[in-house]
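**Student:**
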Ligand code: MEV
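In this note's numbering, the protein residues as written are 487 to 800.
So this is what it looks like as structure tokens:
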């Protein structure tokens, strides 16, 4: 049984989305987590093999590992009484702790592979809910945007409500546009900046509520720019979002080096994407500027540069 799930980037609205503001997220189909389930020896139980994470473990020896817990929860939900003898092989080309949703993609691929192994047809919403539960347990206060964009595999508008269902809408994109994704190579687990923003918000709620409102304003304008195919408007909105993320306190010198390099080489706009403090940044490019922006990112120290063409789902 094989299944996969894409990576993701946040176009705009990260962090504020944890506090009920909208955000726009994009699946990254070219980088994926893949899971195969193969029969194990009788009596072997569930064994995970994840060479990209440098790990191999038995569910019984690490029952509180996030992926063990997720698997146990799925087996419980499926009404499986006896522990199966299976190997869950995990590979991924999404760098971990890079802001590209590697954890949620691996979890999603596991849910999909187990669902198909047990002949269950889960909707995107059901897959997303199972992954969210696991993310919530191990990452503090996730908004749910990562598991949602990865399970739906569409460009989405996401706004968290105090009670589900959250607002999840496919977004109109009048004209496809191209983003370059530059990896700082600095690994940063999302829960760390998310936790720090929460502490700052608790200390000074009115300042942070104001910043989050300003981010929401950018996200509404970005949605309009996408619907109208107005790339000239989108670039400055990305820049404005980056300025707000700097004020929120989740940028870093490495991210800003790449962002400045991209802008100087002709990108229409650039910002960090995801949790920040490391991980990736995105730059809006045109076909004629893509190559020079890519080279500028590499010269400024990007460890990897990906390109994605963003369009509405077919
Ligand atoms: C991470 O991709 C986006 C954050 O807003 C966290 C979250 O929404 O859970 C930083």
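Ideal Cβ placement from N, Cα and C applies to all residues, glycine included.
Along the beta strand (DSSP E) that carries residue 535, what are the first and last residues, could you check?
**Tutor:** Within the chain shown, the letter at position 49 stands for residue 535. Residue 535 -> beta strand (DSSP E) spans 532-536.
**Student:** Examine the ligand MEV and report whether any of its heavy atoms sits within less than 7 Å of the Cβ of residue 676.
**Tutor:** If you number the chain shown from 1, residue 676 lands on position 190. Checking every heavy atom of the ligand MEV against the Cβ of residue 676, one is found closer than 7 Å.
**Student:** Looking only at its chain, what residues have a beta carbon closer than 7 Å to the beta carbon of residue 598, apart from the 5 residues adjacent to it on each side?
**Tutor:** Start at 1 with the first residue of the chain shown, and residue 598 comes out as number 112. These residues qualify, in order along the chain: 489, 491, 613.
**Student:** Is any non-hydrogen atom of the ligand MEV found closer than 7 Å to the C-beta of residue 503, if you look at the structure I gave you?
**Tutor:** Residue mapping note: residue 503 aligns to position 17 of the chain shown, counting from 1. Yes.
**Student:** On the CB-based measure, 16 or more other CB atoms within 10 Å of its CB, does residue 689 come out buried or exposed?
**Tutor:** Within the chain shown, residue 689 is the residue found at index 203, counting from 1. Exposed, by the Cβ-count rule.
**Student:** Can you look up residue 717 in the DSSP assignment and give me helix, strand or coil?
**Tutor:** Within the chain shown, numbered from 1, the residue matching residue 717 stands at position 231. Looking at residue 717 - three-state DSSP - the assignment turns out to be helix.
**Student:** When the cut-off is 8 Å and only beta carbons count, does residue 642 lie next to chain D?
**Tutor:** Chain labels in this structure do not include chain D; a single protein chain is all it has.
**Student:** Between which two residues does the alpha helix (DSSP H) containing residue 689 stretch?
**Tutor:** The residue you call residue 689 lines up with position 203 of the chain shown. Run containing residue 689: 677-689, per the alpha helix (DSSP H) assignment.
**Student:** Under 8 Å by Cβ, that's how I've got residue 704 and residue 723 pegged, so tell me the actual separation to the nearest angstrom.
**Tutor:** The residue you call residue 704 lines up with position 218 of the chain shown. The residue you call residue 723 lines up with position 237 of the chain shown. Confirmed, about 5 Å.
**Student:** In this structure, what does DSSP give as the bridge partners for residue 758?
**Tutor:** Taking the first residue of the chain shown as 1, we reach residue 758 at position 272. Per DSSP, 767.
**Student:** Under 8 Å by Cβ, that's how I've got residue 788 and residue 758 pegged, so tell me the actual separation to the nearest angstrom.
**Tutor:** To locate residue 788, count along the chain shown from 1; it is residue 302. To locate residue 758, count along the chain shown from 1; it is residue 272. Not quite, the Cβ-Cβ distance comes to about 13 Å (not below 8 Å), so this is no contact.
**Student:** Check whether the Cβ atoms of residue 697 and residue 708 sit closer than 8 Å, and answer yes or no.
**Tutor:** Walking along the chain shown from the start, residue 697 turns up at place 211. Walking along the chain shown from the start, residue 708 turns up at place 222. Their beta carbons are not under 8 Å apart, which means residue 697 does not touch residue 708 by this criterion.
**Student:** Exposed or buried, which one is residue 777 when buried takes at least 16 other CB atoms within 10 Å?
**Tutor:** Here the question's residue 777 lines up with position 291 in the chain shown. So residue 777 counts as exposed.
**Student:** Could you have a look at residue 567 and say whether DSSP puts it in helix, strand or coil?
**Tutor:** As a first step, residue 567 must be located in the chain shown, where it is residue number 81. Coil at residue 567, not helix or strand.
**Student:** From the DSSP output, in three-state form, read off residue 488 for me.
**Tutor:** Here residue 488 refers to the residue found at position 2 of the chain shown. Reduced to three states, the DSSP call for residue 488 is strand.
**Student:** Look at residue 503 and residue 631 and say whether their C-beta atoms are less than 8 Å apart.
**Tutor:** Translated into positions along the chain shown, residue 503 becomes position 17. Translated into positions along the chain shown, residue 631 becomes position 145. Yes. Within cutoff.
**Student:** Take residue 638 and list the residues in its own chain whose beta-carbon comes closer than 6 Å to its own, dropping the five residues that flank it on each side.
**Tutor:** Within the chain shown, numbered from 1, the residue matching residue 638 stands at position 152. Same-chain partners within the cutoff: 610.
**Student:** Since I believe residue 640 is in contact with residue 513 (beta carbons under 8 Å), could you give me their beta-carbon distance rounded to a whole number of angstroms?
**Tutor:** Walking along the chain shown from the start, residue 513 turns up at place 27. Walking along the chain shown from the start, residue 640 turns up at place 154. Contact holds; Cβ gap of about 7 Å.
**Student:** Just to confirm, is the Cβ distance from residue 671 to residue 748 under 8 Å?
**Tutor:** Taking the chain shown and counting its residues from 1, one reaches residue 671 at position 185. Taking the chain shown and counting its residues from 1, one reaches residue 748 at position 262. No, Cβ-Cβ distance for residue 671 and residue 748 is not below 8 Å.
**Student:** Between residue 496 and the ligand MEV, is there a pair consisting of the residue's CB and a ligand heavy atom that are separated by less than 7 Å?
**Tutor:** Position 10 of the chain shown holds residue 496. Yes, the beta carbon of residue 496 sits closer than 7 Å to at least one heavy atom of the ligand MEV.
**Student:** Taking the alpha carbon of residue 456 as the reference point, which residue from 794, 635, 662, 665 has its own alpha carbon closest?
**Tutor:** In the structure displayed, the chain extends from 487 to 800; residue 456 sits before or after that span and is not available.
**Student:** Could you work out which residue in 524, 665, 570 is closest to residue 545 when comparing CA atoms only?
**Tutor:** The sequence position of residue 545 within the chain shown is 59, counting from 1. Minimum Cα distance to residue 545 is reached at 570.
**Student:** Give me the Cβ distance between residue 735 and residue 779, rounded to the nearest whole Å; I'm assuming they're in contact under 8 Å.
**Tutor:** Mapped onto the chain shown, residue 735 falls at position 249. Mapped onto the chain shown, residue 779 falls at position 293. Residue 735 to residue 779, Cβ: 27 Å. No contact.
**Student:** Any idea which residues DSSP pairs residue 644 with across the strands?
**Tutor:** Locating residue 644 in the chain shown gives position 158, counting from the first residue. In DSSP, residue 644 forms a bridge with 509, 654.
**Student:** Please report how far the alpha carbon of residue 786 lies from the alpha carbon of residue 752, in whole angstroms.
**Tutor:** Within the chain shown, numbered from 1, the residue matching residue 786 stands at position 300. Within the chain shown, numbered from 1, the residue matching residue 752 stands at position 266. One C-alpha to the other measures close to 14 Å.
**Student:** Quick one: Cα of residue 793 to Cα of residue 516, how far?
**Tutor:** For the purposes of this step, residue 793 is taken as residue 307 along the chain shown, with counting starting at 1. For the purposes of this step, residue 516 is taken as residue 30 along the chain shown, with counting starting at 1. Their backbone Cα atoms lie some 9 Å apart in a straight line.
**Student:** Can you give, in chain order, each stretch of the alpha helix (DSSP H) that sits fully within the region 560-646 and has at least 4 residues?
**Tutor:** Listed in chain order, they are 588-603, 610-625, 631-638.
**Student:** Less than 7 Å between the CB of residue 667 and some heavy atom of the ligand MEV, yes or no?
**Tutor:** Your numbering for residue 667 matches position 181 in the chain shown. No, Cβ of residue 667 sits at least 7 Å from all heavy atoms of the ligand MEV.
**Student:** My output table needs one value for residue 798: the three-state DSSP class, helix, strand or coil.
**Tutor:** Counting from 1 along the chain shown, the entry for residue 798 is found at position 312. The answer is coil: DSSP assigns residue 798 none of H, G, I, E or B.
**Student:** Please classify residue 797: is it buried, with 16 or more other beta-carbons within 10 angstroms of its beta-carbon, or exposed?
**Tutor:** Position 311 of the chain shown, counting from 1, holds the residue named residue 797. It counts as exposed.
**Student:** Distance, Cα to Cα, residue 607 vs residue 601?
**Tutor:** Stepping through the chain shown from its first residue, residue 607 is reached at position 121. Stepping through the chain shown from its first residue, residue 601 is reached at position 115. Going from the Cα of residue 607 to the Cα of residue 601 covers about 7 Å.
**Student:** Exposed or buried, residue 500, counting other C-beta atoms within 10 Å across all chains shown (16 or more means buried)?
**Tutor:** By 1-based counting over the chain shown, the position of residue 500 is 14. Counting Cβ neighbours within 10 Å, residue 500 comes out buried, since at least 16 surround it.
**Student:** Per DSSP, what are the beta-bridge partners of residue 663 in this structure?
**Tutor:** For the purposes of this step, residue 663 is taken as residue 177 along the chain shown, with counting starting at 1. Looking at the DSSP assignment, residue 663 forms a beta bridge with 796.
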